[in-house]
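> Just so you know, my numbering puts 397 at position 16 of the sequence shown, and the rest follows in order with no gaps.
Each residue gets a CB set at the ideal place from its N, CA and C atoms; glycine is no exception.
Quick caveat: nothing in here was measured; it's all calculated off a predicted structure.
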Amino acid sequence: MHTPVLLKESIGYLNIQPDGVYFDCTSGGGGHSEEIAKNLSEKGMLVCLDMDSEAIERVKKRLEHYNCRKYFYHKNFKDIDLIAEELGVKGKINGILADLGTSMFQLKDMTRGFSFMGDGELDMRMNKNSNFTAKEVVNRYTENELASIFKEYGEEKLAKKIARMIVEERKVAPIKTTSKLSEIAVKAYGSRRSKIHPATRIFQAIRIEVNKELDNLRIFLDKAIDSLLKGGRLVVISFHSLEDRIVKNSFREKAKKCICPETQMRCTCGGNNAVVKVLTKKVVRPSEEEVKSNPASRSARLRACEKVV
Ligand SMILES: C[S@@+](CC[C@H](N)C(=O)[O-])C[C@H]1O[C@@H](n2cnc3c(N)ncnc32)[C@H](O)[C@@H]1O
Numbered sequence: 382m383h384t385p386v387l388l389k390e391s392i393g394y395l396n397i398q399p400d401g402v403y404f405d406c407t408s409g410g411g412g413h414s415e416e417i418a419k420n421l422s423e424k425g426m427l428v429c430l431d432m433d434s435e436a437i438e439r440v441k442k443r444l445e446h447y448n449c450r451k452y453f454y455h456k457n458f459k460d461i462d463l464i465a466e467e468l469g470v471k472g473k474i475n476g477i478l479a480d481l482g483t484s485m486f487q488l489k490d491m492t493r494g495f496s497f498m499g500d501g502e503l504d505m506r507m508n509k510n511s512n513f514t515a516k517e518v519v520n521r522y523t524e525n526e527l528a529s530i531f532k533e534y535g536e537e538k539l540a541k542k543i544a545r546m547i548v549e550e551r552k553v554a555p556i557k558t559t560s561k562l563s564e565i566a567v568k569a570y571g572s573r574r575s576k577i578h579p580a581t582r583i584f585q586a587i588r589i590e591v592n593k594e595l596d597n598l599r600i601f602l603d604k605a606i607d608s609l610l611k612g613g614r615l616v617v618i619s620f621h622s623l624e625d626r627i628v629k630n631s632f633r634e635k636a637k638k639c640i641c642p643e644t645q646m647r648c649t650c651g652g653n654n655a656v657v658k659v660l661t662k663k664v665v666r667p668s669e670e671e672v673k674s675n676p677a678s679r680s681a682r683l684r685a686c687e688k689v690v
């Protein structure tokens with residue numbers, strides 16, 4: 382089971398109109414999708430996307446008894462514009478939600494290779510139709526490439542050391558399992574203290590690389606805002622600072638009234654270029670009670686904006 386995070390808050394920011402059009406771009410276990418469906422009339426429309434086909438099958442079943450107009454797509458949210466076009470709702474969407482990262486279904490299924498808590502093949506694909514897996518990254522990337530993704534996507538202090546150890550280890554035999562990779566990270570840390578499991582950051586980095594998560598997010602944010610109607614809302618929940626920074630900067634950029642170059646002394650653009658209004662002046666975090674009842678929510682951060690043109 383996947384417990385939806387910041388459920389009340391995200392539904393609140395979506396400001397659901399019963400006859401409106403809503404996209405849940407990361408349907409996962411269907412928790413947020415179901416809550417949206419509960420608030421829609423028969424005329425309302427809910428579009429559920431996920432790049433994991435298993436998630437889509439699960440959500441279809443979960444929403445069986447709701448009678449709003451429902452559509453399910455096994456698609457990457459970076460293609461939201463194409464899906465909106467196909468459904469004839471481009472520029473007419475009332476609310477879009479993205480709850481980034483992985484679901485508990487993905488993490489707990491050891492055959493998917495996302496977790497260092499058990500043993501499985503090094504896979505980490507959210508979309509099983511893709512043929513690029515964690516095994517490719519770990520066994521084919523150069524030492525420099527590995528160090529660079531560990532540093533950039535994992536903010537891993539021992540990036541270079543772990544990359545070197547991986548390259549040494551794979552000279553003996555290819556690294557095929559999550560337990561083998563995790564063992565290398567544990568060995569690299571040795572007696573050094575780490576607040577979290579030593580493999581956490583490199584697993585995060587490899588997952589981001591395999592699924593091109595940050596690139597998808599950048600493309601999605603622009604297209605999602607374009608696809609909203611005036612007054613429509615975009616709500617994004619992220620789980621680490623890299624994602625949150627991209628969301629914050631994108632909203633900030635789109636909320637700028639003046640788009641003149643910073644070097645220009647006087648505004649000549651008219652000063653009315655804002656596309657969105659940011660609704661979350663401060664990032665929204667889960668309450669203490671939520672973290673207590675669902676520790677997996679502890680790093681969640683929510684930001685929301687409203688289209689103003
Ligand atoms: C944190 S879970 C969502 C959980 C969901 N909100 C719920 O309440 O059950 C994130 C989901 O997003 C999906 N996902 C991640 N990146 C995606 C992308 N670029 N396009 C579509 N789905 C994506 C993952 O496959 C996963 O199922």
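For C648, which residues in the same chain have their Cβ closer than 6 Å to its Cβ, ignoring the five residues on either side in sequence?
Taking the first residue of the sequence shown as 1, we reach residue 648 at position 267. The residues are C639 and C641.
> Please name the residue or residues paired with E687 in a DSSP beta bridge.
Here residue 687 refers to the residue found at position 306 when the sequence shown is read from its first residue. Paired residue(s): R614 and K658.
> Return yes when the Cβ of S608 is within less than 7 Å of the Cβ of A465, no when it is not.
By one-based count along the sequence shown, residue 465 stands at place 84. By one-based count along the sequence shown, residue 608 stands at place 227. Yes, the pair counts as a contact, with Cβ atoms nearer than the cut-off.
> Do you know offhand how far G425's Cα is from R450's?
Taking the sequence shown and counting its residues from 1, the one referred to as residue 425 is at position 44. Taking the sequence shown and counting its residues from 1, the one referred to as residue 450 is at position 69. One C-alpha to the other measures close to 6 Å.
> Taking the straight line between their C-alpha atoms, what separation do you get for R684 and L660?
Within the sequence shown, the letter at position 303 stands for residue 684. Within the sequence shown, the letter at position 279 stands for residue 660. Taking the straight line from one Cα to the other gives about 8 Å.
> Count the other CB atoms, across all protein chains shown, that sit within 10 Å of the CB of H413; report buried if there are 16 or more and exposed otherwise.
Taking the sequence shown and counting its residues from 1, one reaches residue 413 at position 32. H413 comes out buried.
> Applying the criterion that 16 or more other CB atoms from any shown protein chain within 10 Å of the CB defines a buried residue, is P579 buried or exposed?
Here the question's residue 579 lines up with position 198 in the sequence shown. Classification of P579: buried, given that the 10 Å Cβ count is 16 or more.
> Below 8 Å on the Cβ atoms is my guess for V519 versus I577; work out the distance and round it to an integer in Å.
For the purposes of this step, residue 519 is taken as residue 138 along the sequence shown, with counting starting at 1. For the purposes of this step, residue 577 is taken as residue 196 along the sequence shown, with counting starting at 1. Incorrect: roughly 20 Å between the Cβ atoms, too far for contact.
> Measure the alpha-carbon distance for F727 versus S422 and round it to whole angstroms.
With the chain represented from 382 up to 690, any question about residue 727 goes unanswered, as that position is not in the structure.
> Leaving out five residues on either side along the sequence, give the residues of the same chain with a beta carbon under 6 Å from the beta carbon of S408.
Here residue 408 refers to the residue found at position 27 when the sequence shown is read from its first residue. Closer than 6 Å at the Cβ level, and outside the excluded window around S408, lie S414, C429, D431, A436 and V440.
> If we ignore side chains and look at the alpha-carbon of each, how far apart do F495 and E564 end up?
Taking the first residue of the sequence shown as position 1, residue 495 is located at position 114. Taking the first residue of the sequence shown as position 1, residue 564 is located at position 183. One C-alpha to the other measures close to 15 Å.
> Taking 7 Å as the limit between beta carbons, can you name the residues of its chain near V402, skipping five residues before and five after?
Taking the first residue of the sequence shown as position 1, residue 402 is located at position 21. Same-chain partners within the cutoff: M426, V470, K473, I474 and N475.
> Expressed to the nearest angstrom, what Euclidean distance is found between the alpha-carbon atoms of K691 and N448?
Since the first residue shown for the chain is 382 and the last is 690, residue 691 is missing from the structure and cannot be characterised.
> Under DSSP, the beta strand (DSSP E) around H578 begins and ends at which residues?
Indexing the sequence shown from 1 puts residue 578 at position 197. Careful: H578 lies outside any beta strand (DSSP E) and carries neither H nor E.
> In whole angstroms, give me the CA-to-CA distance for R573 and Q487.
Within the sequence shown, numbered from 1, the residue matching residue 573 stands at position 192. Within the sequence shown, numbered from 1, the residue matching residue 487 stands at position 106. Cα to Cα, R573 sits roughly 30 Å from Q487.
> So, for I600: in the same chain, excluding its five sequence neighbours on each side, which residues have a beta-carbon less than 8 Å away from its beta-carbon?
Locating residue 600 in the sequence shown gives position 219, counting from the first residue. Once the five neighbours on either side are set aside, the close Cβ partners of I600 are K459.
> Compare the C-alpha of S680 against each of I461, V689, L623 and S575 and name the closest.
Counted from its first residue, the sequence shown places residue 680 at position 299. Cα-wise, what sits closest to S680 is L623.
> With K451 as the anchor, note down where its alpha helix (DSSP H) starts and where it stops.
If you number the sequence shown from 1, residue 451 lands on position 70. Counting along the chain, K451 falls outside any alpha helix (DSSP H), though it belongs to the beta strand (DSSP E) covering R450 to H455.
> Mind checking P399: buried by the 16 CB within 10 Å criterion, or exposed?
In the sequence shown, counting from the first residue as 1, residue 399 sits at position 18. Answer is exposed; the Cβ neighbour count stays below 16.
> Less than 7 Å separating the beta-carbons of T558 and D500?
Walking along the sequence shown from the start, residue 558 turns up at place 177. Walking along the sequence shown from the start, residue 500 turns up at place 119. Yes, they are a contact pair.
> Grab me the residues of D603's own chain with a C-beta within less than 8 Å of its C-beta, minus the 5 sequence neighbours each way, in chain order.
Counting from one through the sequence shown, the residue named residue 603 turns up at place 222. Excluding positions up to five away in sequence, the list reads S631.
> Less than 7 Å separating the beta-carbons of V591 and M505?
Translated into the one-based positions of the sequence shown, residue 591 becomes position 210. Translated into the one-based positions of the sequence shown, residue 505 becomes position 124. Yes. Within cutoff.
> Nearer than 6 Å: is that true of the beta carbon of L463 relative to any heavy atom of ligand 1?
Residue numbering aside, residue 463 sits at position 82 when the sequence shown is read from its first letter. No - ligand 1 has no heavy atom lying nearer than 6 Å to the Cβ of L463.
> So does N457 have its beta carbon nearer than 6 Å to some heavy atom of ligand 1?
The residue given as residue 457 occupies position 76 in the sequence shown. Within the cutoff, so yes.
> Grab the span of the beta strand (DSSP E) containing L595 for me, first residue to last.
The residue you call residue 595 lines up with position 214 of the sequence shown. Careful: L595 lies outside any beta strand (DSSP E), inside the alpha helix (DSSP H) at E594 to S608.
> Shorter than 6 Å, the distance from the beta carbon of M382 to the closest heavy atom of ligand 1, or not?
As a first step, residue 382 must be located in the sequence shown, where it is residue number 1. No.
> Any heavy atom of ligand 1 closer than 6 Å to the CB of N475?
Translated into the one-based positions of the sequence shown, residue 475 becomes position 94. Answer for N475: no, Cβ out of range of ligand 1.
> Identify, in the order they occur along the chain, each residue of the same chain with its Cβ nearer than 6 Å to the Cβ of L395, setting aside the five sequence neighbours on each side.
Within the sequence shown, residue 395 is the residue found at index 14, counting from 1. Excluding sequence neighbours, L395 sits near G476, R614 and V616.
> Check whether the Cβ of H578 lies closer than 6 Å to any heavy atom of ligand 1, and answer yes or no.
Taking the first residue of the sequence shown as 1, we reach residue 578 at position 197. Checking every heavy atom of ligand 1 against the Cβ of H578, none is found closer than 6 Å.
> Got a sec: does ligand 1 put a non-hydrogen atom nearer than 6 Å to the Cβ of G393?
Within the sequence shown, the letter at position 12 stands for residue 393. False, no ligand heavy atom lies under 6 Å from that Cβ.
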